[in-house]
Amino acid sequence: MTHIVVAGTGYVGLTTGVSFATVGYNVTCVDIDAEKIELLQKGICPIFEPGLKESLLENSSFNKIEFTTNFKAAYSQADIIFIAVGTPELPDGTANLQYLKAVAKEIAIHAKKNLIIVIKSTVPVGTNEAVKKIMLENAPPHLTIEIVSNPEFLREGSALYDLFNGDRIVIGSESQNATDLIKELYKPFNTPIYTTDARSAELIKYASNAFLATKISLLTKLP
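In the working numbering, the protein residues as written are 513 to 735.
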């Protein structure tokens, strides 16, 4: 059975982890925030999202999902790792990638077997290549670590619904093997899957954000 690890238990990470557990995968969610992990271990959902608390409790009761701060153990046992950490805006408007890069380095250092790294965080074009470089510099040389861009298009207030009723799943990678495995992972979601190279997937996310921002801006200006 494929073991999935989700790095980050924020809005995207927690919803992603719970959704994969719901369709039958074994999931470990990792975070450095011990207080948040303690709440999740008790079945207390730190964010409000319709249906999320119920799904969290159900999957926890069936041991399909677990929460930990022990990233060393989690990364060493994973088959697929989703990175869903924050990339907040810096004062100059660029994305702060320090958390993502730190997680990537930790994964590389503690990896014990071949891995697929899936980046769900919103990142600038070219970030997947930067993560690949971090992997090559820090992972054991005998391991194969493949990188996939898998941007999220969730709406707050309907995130869990969107995961199972979305209009698209975008998978971007230069590896056909990684693309095929992530496509198989998403089959239970019954959502159209579009495959691209990594840079195109990164650009699709920014284009989607720009379109939504423009749409909102135009609507607010209407009389």
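Each residue gets a CB set at the ideal place from its N, CA and C atoms; glycine is no exception.
For this session: Tell me whether Leu602 is buried or exposed, calling it buried when 16 or more other Cβ atoms sit within 10 Å of its Cβ.
Result: Under the 10 Å beta carbon count, Leu602 is surrounded by fewer than 16 other beta carbons and is classified as exposed.
For this session: Please state whether DSSP places Ala519 in a helix, a strand or coil.
Result: In the structure shown, Ala519 sits in a strand (DSSP, three-state: E or B).
Problem set entry | 7 Å Cβ shell around Gln553 - same chain, five flanking residues per side excluded | Around Gln553: Phe579.
Exercise. Can you name the start and end residues of the alpha helix (DSSP H) that Thr639 belongs to?
Worked result: If you look at Thr639, you'll find it in the alpha helix (DSSP H) that goes 639–650.
Problem set entry | 7 Å Cβ shell around Ile717 - same chain, five flanking residues per side excluded | Note that residue 717 is Lys in the sequence shown here, rather than Ile. Cβ within range, chain order: Thr634, Pro663.
Exercise. In terms of alpha-carbon separation, which member of Val518, Asn608, Glu570, Val615 lies closest to Asn650?
Worked result: Minimum Cα distance to Asn650 is reached at Val615.
Exercise. For the putative contact between Tyr587 and Ile595, defined by C-beta atoms under 8 Å, what is the C-beta separation to the nearest angstrom?
Worked result: Contact between Tyr587 and Ile595 is absent: CB atoms are separated by about 11 Å, not below the 8 Å threshold.
For this session: Any chance you could list the beta strand (DSSP E) runs of at least 3 consecutive residues sitting entirely within the region 577–649, in chain order?
Result: Whole beta strand (DSSP E) segments, 3+ residues: 577–580, 592–595, 627–631.
Exercise. So Ile646 packs on Lys617, CB below 8 Å; how close in whole Å?
Worked result: About 6 Å separates the two Cβ atoms, so the contact holds.
Exercise. Asp543: buried (16+ other C-beta within 10 angstroms of its C-beta) or exposed?
Worked result: When all chains shown are included, Asp543 counts as buried.
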